[in-house]
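J.: Numbering (this note's numbering), first residue to last: 265 to 495.
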Amino acid sequence: MSMGKSIIIDAGHGGSDPGATAFGVKEKDWTLKISLYQYERLKELGAAVALTRSKDTTLDSAARTKVFRGQYDYCISNHWNAFNGKARGVETIHSIFADKTFASQLAKAVSNASGLPLRRVFSKKNASGTDWYFMHRLTGTTKTVIIEYGFLDHKEDHARYRTDAIFYAAAESVVEVVCKELGIRYKAPSEKAAATSLYRVQNGAFSKKEQAEALAKKLTGAGFEAVIVKG
Numbered sequence: 265m266s267m268g269k270s271i272i273i274d275a276g277h278g279g280s281d282p283g284a285t286a287f288g289v290k291e292k293d294w295t296l297k298i299s300l301y302q303y304e305r306l307k308e309l310g311a312a313v314a315l316t317r318s319k320d321t322t323l324d325s326a327a328r329t330k331v332f333r334g335q336y337d338y339c340i341s342n343h344w345n346a347f348n349g350k351a352r353g354v355e356t357i358h359s360i361f362a363d364k365t366f367a368s369q370l371a372k373a374v375s376n377a378s379g380l381p382l383r384r385v386f387s388k389k390n391a392s393g394t395d396w397y398f399m400h401r402l403t404g405t406t407k408t409v410i411i412e413y414g415f416l417d418h419k420e421d422h423a424r425y426r427t428d429a430i431f432y433a434a435a436e437s438v439v440e441v442v443c444k445e446l447g448i449r450y451k452a453p454s455e456k457a458a459a460t461s462l463y464r465v466q467n468g469a470f471s472k473k474e475q476a477e478a479l480a481k482k483l484t485g486a487g488f489e490a491v492i493v494k495g
């Protein structure tokens with residue numbers, strides 16, 4: 265584990281708060297999916313990394329920020345936008361008190377990896393002169409960037425993230441930028457490892473070989489791969 269800078273990954277929404285919903289997808293599910301991937305990858309690369317939630321848990325603003333307020337150097341808060349079905353593109357949001365460099369690097373990386381346009385990199389002030397977003401306002405010294413990967417209710421943005429190759433390419437692009445910011449060596453995931461990570465499902469077990477052969481023949485005839493293993 266790295267003894268240097270640390271980061272926490274926030275899967276936006278969760279539990280009773282679904283976030284945006286469009287085309288049968290709840291934002292909270294995609295934010296958890298992308299956060300879990302990034303967490304595992306950063307851990308694999310030696311980063312000091314944590315998660316605000318690892319399952320479908322309800323976290324209000326106070327509970328969410330209490331988990332890490334001032335305890336980590338960085339936070340990435342993962343989200344998808346929704347508006348009118350026409351707006352689209354990648355956005356990142358940084359604190360009004362923070363330099364925009366890290367947020368800009370993340371936005372460009374996600375835009376390039378996903379093929380979505382880069383909509384904007386911005387910060388927003390409230391009437392009191394502090395940050396509009398609680399993820400900036402309530403997180404103390406932790407440098408937080410909110411990533412909006414695209415618009416869930418935009419047909420093309422949505423369709424692109426339905427493709428796992430694009431979904432995980434966007435996720436990985438964030439991992440690479442984060443590694444650079446944390447000062448740890450980035451290494452791309454092994455294609456060979458990905459190709460050989462197979463999950464097999466057993467369909468039956470029999471004491472007589474002919475019974476196994478009969479089921480294998482039935483499965484093969486239905487278009488499935490069938491392998492008989494003794495033992």
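Idealized CB from N, CA, C, for every residue including glycine.
My assumption, with CB atoms under 8 angstroms, is that Thr564 sits in contact with Thr403. Please give the rounded CB distance.
T.: Outside the displayed span of the chain (265 to 495) sits residue 564, for which this structure offers no information.
J.: Helix, strand or coil for Ser341? Go by DSSP, reduced to three states.
T.: Locating residue 341 in the sequence shown gives position 77, where the first residue counts as 1. In the structure shown, Ser341 sits in a strand (DSSP, three-state: E or B).
J.: Can you tell which of Ser270, Lys269, Leu296 has its C-alpha closest to the C-alpha of Asp281?
T.: Mapped onto the sequence shown, residue 281 falls at position 17. Selected option, being the one with the closest Cα: Leu296.
J.: Mind the definition here: the segment 415 to 434 touches the segment 349 to 359 only if three or more C-beta pairs lie below 8 angstroms; say whether that holds.
T.: Yes, since at least three Cβ pairs between the segment 415 to 434 and the segment 349 to 359 fall closer than 8 angstroms, the two stretches touch.
J.: Among the residues of its own chain, which have a CB less than 8 angstroms from the CB of Lys388, if the five just before and after it don't count?
T.: Start at 1 with the first residue of the sequence shown, and residue 388 comes out as number 124. If we look at Lys388 and ignore the five residues flanking it on each side, its Cβ neighbours are Ile357, Ile360, Asp395, Trp396, Tyr397.
J.: Taking Ala286 as the reference, give the member of Tyr301, Gly310, Ile340, Ala346 with the closest Cα.
T.: On the sequence shown, residue 286 is found 22 positions in, with the first residue counted as 1. When each option's Cα is compared against that of Ala286, the closest is Ala346.
J.: Between the segment 319 to 333 and the segment 377 to 393, are three or more C-beta pairs nearer than 8 angstroms?
T.: Result no; under three Cβ-Cβ pairs closer than 8 angstroms.
J.: Taking 8 angstroms as the threshold (C-beta atoms), are Asp337 and Lys269 in contact?
T.: As a first step, residue 269 must be located in the sequence shown, where it is residue number 5. As a first step, residue 337 must be located in the sequence shown, where it is residue number 73. Taking 8 angstroms as the Cβ cut-off, Lys269 and Asp337 qualify as a contacting pair.
J.: By how many angstroms is the C-alpha of Ala326 removed from the C-alpha of Ile273?
T.: On the sequence shown, position 9 is the one that residue 273 refers to. On the sequence shown, position 62 is the one that residue 326 refers to. Rounded to whole angstroms, Ile273 to Ala326 spans 16 angstroms at the Cα level.
J.: Count the CB pairs spanning the segment 433 to 447 and the segment 296 to 310 that are closer than 8 angstroms, and state whether there are at least three.
T.: Segments in contact, yes.
J.: Go ahead and pull the three-state DSSP assignment for Phe287.
T.: Residue mapping note: residue 287 aligns to position 23 of the sequence shown, counting from 1. DSSP places Phe287 in coil when its eight states are reduced to three.
J.: Mind checking Ala371: buried by the 16 CB within 10 Å criterion, or exposed?
T.: Here residue 371 refers to the residue found at position 107 when the sequence shown is read from its first residue. Per the 10 Å Cβ criterion, buried.
J.: Counting along the chain, where does the alpha helix (DSSP H) carrying Tyr413 start and finish?
T.: Within the sequence shown, numbered from 1, the residue matching residue 413 stands at position 149. Where Tyr413 is concerned, there is no enclosing alpha helix (DSSP H), although the beta strand (DSSP E) it sits in stretches over 407 to 415.
J.: Taking the alpha-carbon of Gly334 as reference, which of Ile271, Leu309, Asp417 has the nearest alpha-carbon?
T.: Sequence index remark: in the sequence shown, residue 334 carries index 70 (1-based). Ranking Ile271, Leu309, Asp417 by Cα distance to Gly334 puts Ile271 first.
J.: What's the C-alpha gap between Arg401 and Ala469?
T.: Looking up residue 401 in the sequence shown gives position 137. Looking up residue 469 in the sequence shown gives position 205. Looking at the two C-alpha atoms, the distance is approximately 58 angstroms.
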